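Okay, structure first, notes after.
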Amino acid sequence: MPGETLRLYLRQQLGNKLGLLDDSQLDRLMPKQAENANTYQAPQLKRTTMRILIGLLVQNPQLAALVPSLDGLEQTKQAGLPLFVELVQTCLSQPGLTTGQLLELYRDNKFSQQLETLATWNHMIVEDMVEQHFIDTLTNLYDSVLEQRQEELIARDRTHGLNAAGAPGAVVIAAGVSEERLNTKRLKCR
12 MPGETLRLYL RQQLGNKLGL LDDSQLDRLM PKQAENANTY QAPQLKRTTM RILIGLLVQN
72 PQLAALVPSL DGLEQTKQAG LPLFVELVQT CLSQPGLTTG QLLELYRDNK FSQQLETLAT
132 WNHMIVEDMV EQHFIDTLTN LYDSVLEQRQ EELIARDRTH GLNAAGAPGA VVIAAGVSEE
192 RLNTKRLKCR
């Protein structure tokens, strides 16, 4: 309470010096910024598949060991995928890497600001579920890449027709998407 009493006394003295006898007149003159200064909130990041994967990987570099081969994903046009591939390769090439060491490796990189933001990002995933969530999100990424590739092949077939080299790829991708959906349903049923 002494802080509040001192504040009121100083406001009264200021009002007297300015020739204002009414506190309401002083209230109108005083800016409200002091009260709003304490209510700063960090900007919320949109939870995308790539942000979740990169954020979890930056905060837990040991998760890179769970990532299967990334061959063929480089040609996919998905935002953040090249950075994710690069981070996985970096984490795998240096086992035991910590978040701080990883950020230090990328300090002068064009991605340093995003990585620092994701390193402190509160992803709101329970610590015990981080690994499972990472695997689920990675599965989601692979599934979306397969579906995107399948849609491209279907569009190409409709516009130009598939040649003998493209048709087997479409069958393999369709089988991969179907198998992925079946495996996901099996996991959810358990």
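Each residue of the sequence shown is one higher than the one before, starting from 12 at the first, in this note's numbering. From the three backbone atoms N, C-alpha and C, an ideal C-beta is built for every residue, glycine too. Owing to the predicted nature of the structure, the values given are computational and were not obtained by experimental measurement.
Identity of the residue in the options nearest residue i by Cα
i, options, result
"R58", "R39, Q159, K28 and W132", "W132"
"A130", "N71, K121 and S35", "N71"
"T1", "L94, E127, N120 and F122", "Because the chain in this structure spans residues 12 to 201, residue 1 falls outside the shown range and cannot be described."
"L32", "Q23, R39 and L40", "Q23"
"S80", "T87, V96 and Q86", "V96"
"L56", "E162, M140, Q125 and L173", "Q125"
"F122", "A90, L108, D139 and V141", "A90"
"E162", "T87, L40 and R39", "T87"
Buried or exposed (CB count within 10 angstroms, at least 16 for buried), residue i
i, result
"V69", "buried"
"R160", "buried"
"L98", "buried"
"R197", "Bear in mind that the predicted position of R197 carries a pLDDT of just 43, short of 50, making it unreliable; the figure below should be weighed with that in mind. By the 10 Å Cβ count, R197 comes out exposed."
"L21", "exposed"
"T170", "exposed"
"L19", "exposed"
"L113", "buried"
"D139", "exposed"
Integer Cβ distance of residue i from residue j, believed to fall under 8 Å
i, j, result
"I11", "T148", "Missing from the structure shown is residue 11; the chain here goes from 12 to 201 and no further."
"L37", "G26", "5 Å"
Short Cβ contact (8 Å threshold) for residue i with residue j
i, j, result
"T60", "L157", "no"
"H134", "L67", "yes"
"L92", "L84", "yes"
### Task
Report yes or no: do three or more beta-carbon pairs, one from the region 103-111 and one from the region 69-78, lie closer than 8 Å?
yes
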